[in-house]
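One structure is given below, encoded as structure tokens.
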Amino acid sequence: MEATAVKFLGNPSIVTASRTIQQCRSTILSLQNSYSYRNKHLLPLSLTVTRCSTTKSSQTGQDSIFESSQSGNLSSSSKRGLVLDLGLSSDSWDSEEIGSPVVKRFLSDNEERWYMWYHGSSNQNPPSDSVGLAVSNNGIHWERGKRKVESTDDVGLVMSSCEDWWAFDKASVRPGEVVIMSSSKVRANSSVYWMYYTGYTTETAEFESKVSTFGFGNPERFHLCDEKVEKAMVFRSLPGLAISQDGRHWARIEGEHHSGALFDVGSDKDWDFLYIASPHVVFHGSGDLRMYYHSFDAKTGEFGIGMARSREGIKWVKLGKILGGGRYPCVTRNKRDGSYVMAYEGVDSKGKMSIGLAVSKDGLNDWKRVEDGGEAVVTVGEGKAWDNEGVGCPYLVEMDGDCDHQWRLYYRGVGNGGRTGIGLAVSEGSEITKFTKQTGIHF
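Letter by letter, the sequence shown follows residues 1 to 443 of the UniProt record's numbering.
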């Protein structure tokens with residue numbers, strides 16, 4: 001992404017996504033010797049960046065969401081909120097399950113672009129999640145691809161699991177957050193995309209806990225309908241980092257952990273000893289990056305959200321649990337008052353998933369839940385709605401610059417039979433506790 005960012009010595013500087021737009025130029029990306037690439041076959045040491053495009057690609061045969069026929073048996077009311085359905089054909093990389101939306105809005109003087117990174121899986125056995133990219137000019141109608149991207153204008157599959165036997169992400173990968181930064185640790189002529197993601201291994205985590213197993217697996221597998229298949233398998237997962245110049249071609253960065261991850265789970269006595277998932281990174285200031293993540297505390301029998309801090313985005317120090325009873329945190333800074341807002345997925349004792357909010361003045365301590373009459377801010381759909389089984393994996397977008405200061409909340413929905421999709425709810429002006437699922441999206 002082209003950006004005019006002030007570089008602080010030794011620390012990354014953030015570039016506001018809503019004020020950047022990609023230009024038609026080429027830049028070379030390289031890393032200093034202190035950090036190394038993994039999977040050199042995945043991405044060469046130099047990257048070429050060309051102009052972003054939302055035009056339809058003739059090479060990959062991209063599909064638009066409003067052309068989908070898979071959800072044609074649903075009425076317009078039952079599709080309320082749905083903005084991205086499963087892949088259109090059985091050979092699509094995301095034909096079985098999708099989720100984990102990470103949405104960015106880019107504004108310039110004469111155009112508006114939206115990028116959505118999300119995870120998807122096909123009918124592989126065993127299932128394996130990959131990361132894909134869809135683009136839009138309004139954040140509602142999305143252009144997607146059914147295969148791996150080939151050029152910097154394509155959309156579709158952009159990152160798969162690692163092929164190295166020792167890697168922490170050799171089974172599946174899911175995006176957590178994408179931050180646009182420049183750093184003295186990464187030598188480039190402009191700012192680059194930093195993707196923080198969850199990597200899963202084939203190693204299971206053993207524990208004892210009195211908790212419902214519905215939707216508890218790590219990662220969750222909602223589309224597995226065979227009763228003989230274990231849906232609640234808990235696999236080890238750790239946070240990882242990859243960087244890109246165009247948002248499509250990614251190079252993994254090795255962290256301090258021997259598997260390439262950024263850091264490890266806690267000890268047996270710690271609340272996060274099972275796994276670490278859904279890393280979401282917020283730039284607070286020069287030399288102060290904050291990662292929010294979730295795990296499952298087997299001792300208390302509940303999910304929890306933890307925090308880590310870093311000076312440069314690669315070496316992290318964990319600070320402990322900051323909120324109990326939630327997972328999949330998405331934290332953003334309210335541009336109006338500087339406070340921190342967290343959207344998260346809550347799971348009750350029966351496995352019902354909904355979306356809640358919490359706020360904090362400094363993003364570190366005193367997180368307080370925000371409720372509208374004691375209810376979650378986004379709940380499951382009614383009747384035969386596409387998301388009548390659960391909603392979660394939220395991602396907040398603050399529509400700064402709009403006169404009514406609206407918020408958008410993208411989320412993963414689960415319906416009958418475990419069918420998943422990505423939905424959108426919109427706030428009532430700046431009132432962040434009241435969200436309404438978007439209507440009039442499909443044609």
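Where is the CB? At the ideal position from N, CA and C, for every residue including glycine.
Asked, Found
"So for G145, helix, strand or coil by DSSP?", "coil"
"First and last residue of the beta strand (DSSP E) that includes P329?", "R327 to R333"
"By the 10 Å Cβ neighbour count, where 16 or more other Cβ atoms means buried, how is V397 classified, buried or exposed?", "buried"
"Restricting to Cα atoms, I'd like to know which of I322, E428, G338 and E97 is closest to D272.", "I322"
"Return the CA-CA distance between H258 and L238, expressed in angstroms with no decimal places.", "12 angstroms"
"Cα separation between F235 and S108?", "42 angstroms"
"Can the beta-carbon of F303 be found less than 8 angstroms from the beta-carbon of R327?", "yes"
"Residue ranges of each beta strand (DSSP E) run of no fewer than 3 residues wholly in the stretch 359–408, ordered along the chain?", "368–370 and 390–398"
"In whole angstroms, what separates the C-alpha of G418 from that of E389?", "8 angstroms"
"Leaving out five residues on either side along the sequence, give the residues of the same chain with a beta carbon under 6 angstroms from the beta carbon of G346.", "G326, S354 and G356"
"Does the beta-carbon distance from D175 to W117 come in below 8 angstroms?", "According to the sequence as given, residue 175 is Pro; it is not Asp. A contact, by the Cβ cut-off of 8 angstroms."
"Taking the alpha-carbon positions, what's the P279 to L289 distance?", "12 angstroms"
"Let me confirm a value: P101 is counted as buried when at least 16 other C-beta atoms fall within 10 Å, else exposed. Which label applies?", "buried"
"Check each candidate in G285, G139 and R412 and name the one with the smallest Cα separation from E112.", "G139"
"Taking all protein chains shown into account, do 16 or more other C-beta atoms lie within 10 angstroms of the C-beta of residue 455, making it buried, or fewer, making it exposed?", "This structure leaves residue 455 out entirely; the chain is present only between 1 and 443."
"If you check the beta carbons only, do L274 and A205 fall under 8 angstroms apart?", "yes"
"Short check: CB of R221 to CB of P127, under 8 angstroms?", "yes"
"Tell me whether N218 sits in a helix, a strand or coil according to DSSP, three-state version.", "strand"
"Around the C-beta of N110, are 16 or more other C-beta atoms found within 10 angstroms, so that it is buried, or is it exposed?", "exposed"
"Using CA atoms only, rank isn't needed, just tell me which of S89, W166, I180 and K299 is closest to R105.", "I180"
"Classify N125: buried if its beta carbon has 16 or more other beta carbons within 10 angstroms, exposed otherwise.", "exposed"
"Quick one: what's A277 bridged to in DSSP?", "H294"
"Ignore the nearest five residues each way along the sequence and tell me which others in V282's own chain have a CB closer than 6 angstroms to its CB.", "R290 and V331"
"Mark F207 as exposed unless 16 or more other C-beta atoms lie within 10 angstroms of its C-beta, in which case mark it buried.", "exposed"
"Flag this pair as yes or no: are the beta carbons of L319 and R309 separated by less than 8 angstroms?", "yes"
"Thinking just about the alpha-carbon of each residue, which of S191, S89 and G217 is nearest to the one in Y200?", "G217"
"Report the three-state DSSP secondary structure of G313 (helix, strand or coil).", "coil"
"Classify V414: buried if its beta carbon has 16 or more other beta carbons within 10 angstroms, exposed otherwise.", "buried"
"Return the first residue and the last residue of the beta strand (DSSP E) that F435 is part of.", "E431 to K437"
"Would you check if the distance between the CB atom of Y411 and the CB atom of V391 is smaller than 8 angstroms?", "yes"
"Out of T420, N416 and V426, which has the shortest C-alpha to C-alpha gap to R408?", "V426"
"CA-CA distance, D362 and Q406?", "22 angstroms"
"Which same chain residues, not among the five before or five after H284, have their C-beta less than 7 angstroms away from its C-beta?", "R290 and G363"
"Report buried or exposed for E254, applying the criterion of at least 16 other Cβ atoms within 10 angstroms of its Cβ.", "buried"
"According to DSSP, is G351 part of a helix, a strand, or is it coil?", "coil"
"Can the beta-carbon of T300 be found closer than 8 angstroms to that of G266?", "no"
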